[in-house]
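Undergrad: A single structure is presented below for examination.
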Amino acid sequence: MGLLDSFKNMFSFTYNTLDGAPALTREQDRGLALGAAYAIEGHLPINALTMEADPKTAAKLAKGAWDTDDAETARETYRYLLGGGHQSTYGLILPYLDQYLEVAPGRRRAELKAANDRATSELPALAERHGLDPSSVQRSYTNCTLYYGYIWAYGQPSGPLPRSVLAWDTARVVHVSRIFVDAGFIEPAEAWSMIAQAVDLVRPSYASWAEFNEGFLTGRAFWQLQGKRYDQERINDDGEKFSRAADELLNRDDSPWNRLPW
């Protein structure tokens, strides 16, 4: 990095840190690092398990974003994220996406049709065997094939798709923990326990923070494509914001991703 770049880096970005926050253990520091992209993007405290939101605001956010309004529904959210999350569907359709993406650049119509026909015929039964909604799984596959360029642009731009998007699911464990603690649904000790489980779950899936980031960005792109409507401008803006956050985390020496070895 040149001198000019160093000065730009120094003055264009600062972390939000919470004064007087309890000192983090190394395990807690590593746990918060899973959700660091959210902290950077939303300018949340990098050193504390909070959004700095009052309970009413946090409860409104929990209800609107996660349909969560008490401790039990908060724990259901944790069970979803730690028990499969989006990785369940992504892992199921990934072999079919791989086959589709092998032929998509050349746009060979017969091969594309064959790939889609195979997915259409096999995915419903697979989804049922894994306890997933067949129509939702099929829609996920279809949307990913229609808009695969978006996933490549923000997830893994120069190679095959990541084998796992657990980074996305586990980063959200940290993010919802901030919300649930601020709302008063979950005590900090329980939230830290959930985050520790997320760390243990995700670490075997990646070899570095860079790989974790690819899984996170791909997972977020995958999530964006789950709905029935595709808003190109909205998801492009979203992808750019989180890509910028990732750049800060991967390139700054004081980033938690550079302070803490994977």
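For the sequence shown, the numbering used here gives the first residue as 309, with consecutive numbering after it.
By construction, the Cβ of each residue, glycine as well, lies at the ideal position given by its N, Cα and C atoms.
1. From E335, R560, N324, pick the residue whose C-alpha is nearest to that of M502; which is it?
2. For T385, report the span of its alpha helix (DSSP H) as first-last.
3. Would you call P465 buried or exposed, if buried means 16 or more other Cβ atoms sit within 10 Å of its Cβ?
4. Can you find the residues in the same chain that come closer than 8 Å, C-beta to C-beta, to V507, ignoring five residues on each side of it along the sequence?
5. What did DSSP end up calling P468 once you bin it into helix, strand or coil?
6. If you follow the alpha helix (DSSP H) that S551 is in, where does it begin and where does it stop?
7. Report buried or exposed for G372, applying the criterion of at least 16 other Cβ atoms within 10 angstroms of its Cβ.
8. Which term fits S314, buried or exposed, when burial requires 16 or more other beta carbons within 10 angstroms of its beta carbon?
9. R560: which of A366, W517, D425 sits nearest, CA to CA?
10. Which residue wins for smallest C-alpha separation from H351, given the options A418, A491, H483?
11. Is P432 helix, strand or coil when you go by DSSP?
12. Whose CA, out of T322, A499, L369, lies closest to the CA of I354?
TA: For this structure:
1. E335
2. 379 to 390
3. Note on P465: pLDDT 49, under 50, position unreliable in the model; the coordinate value appears next. Its Cβ having fewer than 16 others within 10 Å, P465 is exposed.
4. E335, R338, G339, L342, T478
5. coil
6. 540 to 559
7. exposed
8. Because S314 sits at a pLDDT of 45, beneath the cut-off of 50, its placement in the model cannot be relied upon, and the following sentence gives the value as read from the coordinates. Exposed.
9. W517
10. H483
11. helix
12. T322
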